[in-house]
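All remarks here apply to the structure that follows.
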Amino acid sequence: MSTQPRPSPALEHTVLIVPAMHCAGCMGKVERGLSAVPGVSSARVNLSARTVAVTHDPQVEEGSLLSALAGIGFEAQRRRAQLDAPASAVKPLLAPLAVAAFAMMNVMLLSVSVWSGAEGSTRILFHWLSALIGVPAIFYAGQPFFRSAWAALRTGRTNMDVPISIGITVATGLSLYETSVGGRHAWFDGALMLLTFLLAGRALDAMMRDKARAGVDSLLSQAAQGAIVVGDDGSLTSVKAEDLAPGMVMRIAAGEKLAADGEIVSGASRFDQSLLTGETAPVPAAVGERALAGTLNLDAPVDVRVSHAGRETTLAEIARLMEASTQNRSRYVRIADRASRLYAPAVHTLAAASVIGWLLAGASLYQALVIGVAVLIITCPCALGLAVPVAQVVASGALMRAGVMIKDGSALERLATIDRALFDKTGTLTLGTPLPDPAVVAAMDAEEASVALALASHSRHPLSRALATALSSTGTRAAPLDQVREVAGQGVFAQWNGVDVALRRPDSASGIASVLTIGERPHRLISFADRLRPGAADAIARLGAMGVECSILSGDRAEAVAPVAQTLGLTGQGSASPAEKQQAIGDLRQSGHRVLMVGDGLNDGPALAAADASIAPGSATDVGLQAADMVFVQSSLLAVPRAIAASRATMRVVKQNFALAIGYNLIAVPLAMAGLVTPLIAAAAMSGSSLVVVANSLRLARAAR
Amino acid sequence: MSVVAVLIPVALGLGLAGLGAFFWAMRNGQFDDPEGAANRILLDDDEDEV
Numbered sequence: 109m110s111t112q113p114r115p116s117p118a119l120e121h122t123v124l125i126v127p128a129m130h131c132a133g134c135m136g137k138v139e140r141g142l143s144a145v146p147g148v149s150s151a152r153v154n155l156s157a158r159t160v161a162v163t164h165d166p167q168v169e170e171g172s173l174l175s176a177l178a179g180i181g182f183e184a185q186r187r188r189a190q191l192d193a194p195a196s197a198v199k200p201l202l203a204p205l206a207v208a209a210f211a212m213m214n215v216m217l218l219s220v221s222v223w224s225g226a227e228g229s230t231r232i233l234f235h236w237l238s239a240l241i242g243v244p245a246i247f248y249a250g251q252p253f254f255r256s257a258w259a260a261l262r263t264g265r266t267n268m269d270v271p272i273s274i275g276i277t278v279a280t281g282l283s284l285y286e287t288s289v290g291g292r293h294a295w296f297d298g299a300l301m302l303l304t305f306l307l308a309g310r311a312l313d314a315m316m317r318d319k320a321r322a323g324v325d326s327l328l329s330q331a332a333q334g335a336i337v338v339g340d341d342g343s344l345t346s347v348k349a350e351d352l353a354p355g356m357v358m359r360i361a362a363g364e365k366l367a368a369d370g371e372i373v374s375g376a377s378r379f380d381q382s383l384l385t386g387e388t389a390p391v392p393a394a395v396g397e398r399a400l401a402g403t404l405n406l407d408a409p410v411d412v413r414v415s416h417a418g419r420e421t422t423l424a425e426i427a428r429l430m431e432a433s434t435q436n437r438s439r440y441v442r443i444a445d446r447a448s449r450l451y452a453p454a455v456h457t458l459a460a461a462s463v464i465g466w467l468l469a470g471a472s473l474y475q476a477l478v479i480g481v482a483v484l485i486i487t488c489p490c491a492l493g494l495a496v497p498v499a500q501v502v503a504s505g506a507l508m509r510a511g512v513m514i515k516d517g518s519a520l521e522r523l524a525t526i527d528r529a530l531f532d533k534t535g536t537l538t539l540g541t542p543l544p545d546p547a548v549v550a551a552m553d554a555e556e557a558s559v560a561l562a563l564a565s566h567s568r569h570p571l572s573r574a575l576a577t578a579l580s581s582t583g584t585r586a587a588p589l590d591q592v593r594e595v596a597g598q599g600v601f602a603q604w605n606g607v608d609v610a611l612r613r614p615d616s617a618s619g620i621a622s623v624l625t626i627g628e629r630p631h632r633l634i635s636f637a638d639r640l641r642p643g644a645a646d647a648i649a650r651l652g653a654m655g656v657e658c659s660i661l662s663g664d665r666a667e668a669v670a671p672v673a674q675t676l677g678l679t680g681q682g683s684a685s686p687a688e689k690q691q692a693i694g695d696l697r698q699s700g701h702r703v704l705m706v707g708d709g710l711n712d713g714p715a716l717a718a719a720d721a722s723i724a725p726g727s728a729t730d731v732g733l734q735a736a737d738m739v740f741v742q743s744s745l746l747a748v749p750r751a752i753a754a755s756r757a758t759m760r761v762v763k764q765n766f767a768l769a770i771g772y773n774l775i776a777v778p779l780a781m782a783g784l785v786t787p788l789i790a791a792a793a794m795s796g797s798s799l800v801v802v803a804n805s806l807r808l809a810r811a812a813r
Numbered sequence: 050m051s052v053v054a055v056l057i058p059v060a061l062g063l064g065l066a067g068l069g070a071f072f073w074a075m076r077n078g079q080f081d082d083p084e085g086a087a088n089r090i091l092l093d094d095d096e097d098e099v
């Protein structure tokens, strides 16, 4: 290229989210497409995070990058500020894991020679070498456990990391002493092996959470992010949502979402408030009336003067309700920590008892202490520490492949206990978007269908888009049209073979419908309605069979809830405000139920946060996605019973793992108390029990069927 | 014993070299995008496509 841009010292970096990328082909297309934009010096895709980092001249505008991507068929968005550089949970664990694994392998190599009979100065040398490698490695790699144990102890609680830390520290101290006096047994290998196994379990757990969060983040960014603002001189500028200020006038095109609350200053339209209130019938509003952030403008462009922006919108009220209710969930104690509450005192009592017992039996203090430490080391919860995370990692991996993303392991534990499920209607039991009546679509002849598709494809109106999608899926081809024009609030008008054709709003605007007219032919009324999610009836039936009682809790009018409730055979409550939804869940919890909330809208946010566990569909609002524990991305509602079944299977396996770990202790502890355990036996027992636990957990790989 | 005096430092040195390589790779961002790295091998780097 002769017009190669000179390398500028002030290149800018932009990170864009491209949710649709999923393969090598997409990566290549995106990188080549962006590199072809003048002024772009490099583009690098991160497929794990579904982002692309672009390095470019400051003159290059974001819009041109987005349109370049749109040109090759990828929808992209700017990454929002709060999502920049999400802290990875895996990274801080990788270095300790590597150090522990390296040290374990080297120490084990030396230990093998000791076990096979190295004596005298060789054994002492090997023990010193082990200490040289082991002590710094344990100090460094054990920090995640030491820190968490210290944090728990300081607040007067205990968790799984407390017995782990005590076991490791005591083992290291005793081994150092043994080494310095030229003793027979050093336990550096055991301590390092414990660290390696536990760190591997945690790293896997963190990896799964990172993956789920990246998935949820890529869904998050699809909401309204800004608005076109009309200046005093009539100029149009694009303003980001967080920069909108009261007094600005936003121009909202049909099919756009409002980014802030405001008052309509010109134009009139109907607004879909289903995300905000669950109400499905469009709400008309004209000059002087209020339009709320998060609602969708259906019919015609309007100008809206911003009254509240950002944190002051109606959403703020919902956010306050949510903050109050998340405390419920943080009070939940995870099963591993509950187990350690019983486990830690038991182990420490046993160790103390063996020291006292051996002293009473006439052993020297040194001998008694060595045996006490051996008890601590052998009971150190290697298998117990893996019992929960490995099972949860395998299960959440299986669920992720089935399209359910789980934000953390405690969600699985909470989900397994639920016996009551509440469903939002709009967008949860139903798809949340108007779809054309299939009977009408099927009744159209080929000419009508092809004209309708051609007209619909010229409009960005939500109804047109839904119609175009429905017709394209039946294999219809668009007819050639002339003189196409879209009249805002009226419809699309054109000429087809010299005949006037139109896809317009019906004269009497009741319900949601549009009218197809072709010359003198009779008009065809295409009615639109929200439809049940595929698999909804099946999912409800399965939940019933699993002993979970279901009902509907909707913000929509009772008349709109009734037909859905009837179809699914559920009881339903309508017209519930966000606070009432939250209250309903509180009441159920009070009466001893464990409640699952399934919802998507802003109005469900407080309920999602208040419930014992919550699931949102991938099409949910940002608030819904953030408040929910789990997000399912495919359209079928069967994801809900599947997730519950998988969580219950996980808890079964976790309990089996606990039983295995305790069974191992039942054999090993008497040996240790009898003073028969050597480092070799400890190493074999630890790795053996860990492998058994991991193998048992792997059975969950098919849990999400 | 003299063999051990050579082999032990060699073993430790090799191990440390591996650990050092891992740390370098981590700092260098090699683990930022495992999925992308797995797919990148399928890309054609040749600019002049047929």
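In order, the protein sequences belong to chains V and S.
Under our numbering, the residue at position 433 of the first sequence is numbered 541, and the numbers go up by one with no gaps.
Under our numbering, the residue at position 34 of the second sequence is numbered 83, and the numbers go up by one with no gaps.
Beta carbons: idealized from backbone N, C-alpha and C, even for Gly.
For clarity, every value in this text was computed on a predicted model and none was experimentally measured.
Range of the contiguous beta strand (DSSP E) that encloses residue i
i, result
"V:Asn-765", "Segment 747-781 is the alpha helix (DSSP H) holding V:Asn-765; no beta strand (DSSP E) there."
"V:Met-358", "357-360"
"V:Asp-608", "607-612"
"V:Val-802", "Looking at the DSSP string, V:Val-802 is not in any beta strand (DSSP E); the run it does join, the alpha helix (DSSP H), is 787-806."
Residue-chain proximity (residue i, chain V), Cβ-Cβ < 8 angstroms
i, result
"S:Leu-92", "yes"
"S:Gly-62", "no"
"S:Val-52", "no"
N-terminal and C-terminal residue of the alpha helix (DSSP H) that residue i is part of
i, result
"V:Ser-483", "For clarity, residue 483 of chain V is Val in the given sequence; the question names Ser instead. Unbroken alpha helix (DSSP H) run through V:Val-483: 473-487."
"V:Cys-131", "Element bounds for V:Cys-131: n/a, residue is neither H nor E."
"V:Gly-732", "730-735"
"V:His-235", "228-249"
"V:Trp-295", "Here V:Trp-295 belongs to no alpha helix (DSSP H), and DSSP marks it neither H nor E."
"V:Asn-154", "Run containing V:Asn-154: none in the alpha helix (DSSP H); it sits in the beta strand (DSSP E), 148-154."
"V:Asp-445", "443-468"
"V:Glu-864", "The structure shown has nothing for residue 864 of chain V, since chain V only spans 109 to 813."
"V:Ile-648", "644-653"
Chain-order list of residues whose beta-carbon lies under 8 angstroms from that of residue i (same chain, five-residue window excluded)
i, result
"V:Gly-627", "Val-607, Asp-608 and Val-609"
"V:Ala-260", "Thr-266, Asn-267, Asp-269 and Val-270"
"V:Ala-118", "Pro-166"
Own chain partners of residue i with C-beta closer than 6 angstroms, once the 5 adjacent residues on each side are dropped
i, result
"V:Val-600", "Leu-563, His-566, Ser-567, Glu-594 and Leu-611"
"V:Leu-404", "Lys-365 and Asp-380"
"V:Gln-330", "With a pLDDT of 48 at V:Gln-330, under the threshold of 50, the modelled position of this residue cannot be trusted; read the value that follows with caution. Correct list: empty, nothing qualifies."
"V:Ser-80", "Outside the modelled stretch of chain V, which goes from 109 to 813, sits residue 80 of chain V, for which no answer is possible."
"V:Lys-348", "Gly-334"
"V:Ala-812", "Ala-506, Leu-507, Ala-510, Arg-750 and Ala-754"
Partner residues on chain S for residue i, Cβ-Cβ distance less than 8 angstroms
i, result
"V:Val-148", "Going along chain S, no residue has its Cβ under 8 angstroms from V:Val-148, so there is no contact; the nearest lies around 15 angstroms."
"V:Ala-203", "Phe-72 and Met-75"
"V:Asn-214", "Ala-60, Leu-61 and Gly-64"
Beta carbon proximity, residue i to chain S, threshold 8 angstroms
i, result
"V:Leu-217", "yes"
Under 8 angstroms by beta carbon: chain V residues contacting residue i
i, result
"S:Leu-68", "Ala-206, Val-207 and Phe-210"
"S:Asn-88", "Cys-131, Ala-132, Met-135 and Leu-155"
Contact set for residue i: own chain, Cβ-Cβ below 7 angstroms, skip 5 residues either direction
i, result
"V:Lys-137", "Ile-180"
"V:Ala-666", "Gly-682 and Ser-683"
"V:Val-703", "Ile-526, Arg-528, Leu-530, Ile-693, Leu-696, Arg-697, Ala-719 and Asp-720"
Proximal chain S residues relative to residue i, where beta-carbon distance stays under 7 angstroms
i, result
"V:Leu-237", "Ile-57"
"V:Asn-711", "The premise fails here: V:Asn-711 is roughly 36 angstroms from chain S at the closest Cβ pair, so nothing lies under 7 angstroms."
>> Between the region 442-458 of chain V and the region 483-502 of chain V, can you find at least three pairs of beta-carbon atoms closer than 8 angstroms?
In response: yes
> Does the region 494-512 of chain V touch the region 762-780 of chain V, meaning 3 or more C-beta pairs lie closer than 8 angstroms?
Replying inline: yes
>> Can you confirm whether the region 523-542 of chain V touches the region 346-354 of chain V when touching is taken to mean that 3 or more C-beta pairs between the two stretches lie within less than 8 angstroms?
In response: no
> Any chance the region 622-637 of chain V sits against the region 710-728 of chain V, with 3 or more Cβ pairs inside 8 angstroms?
Replying inline: no
> Three or more beta-carbon pairs under 8 angstroms between the region 220-238 of chain V and the region 317-325 of chain V, yes or no?
Replying inline: no
> Can you find at least 3 beta carbon pairs, one from the region 743-755 of chain V and one from the region 794-806 of chain V, that sit closer than 8 angstroms?
Replying inline: no
> Counting Cβ pairs, one atom from each stretch, are 3 or more of them under 8 angstroms apart for the region 668-687 of chain V and the region 405-415 of chain V?
Replying inline: no
> Hey, is the region 787-800 of chain V in contact with the region 734-746 of chain V, meaning 3+ C-beta pairs nearer than 8 angstroms?
Replying inline: no
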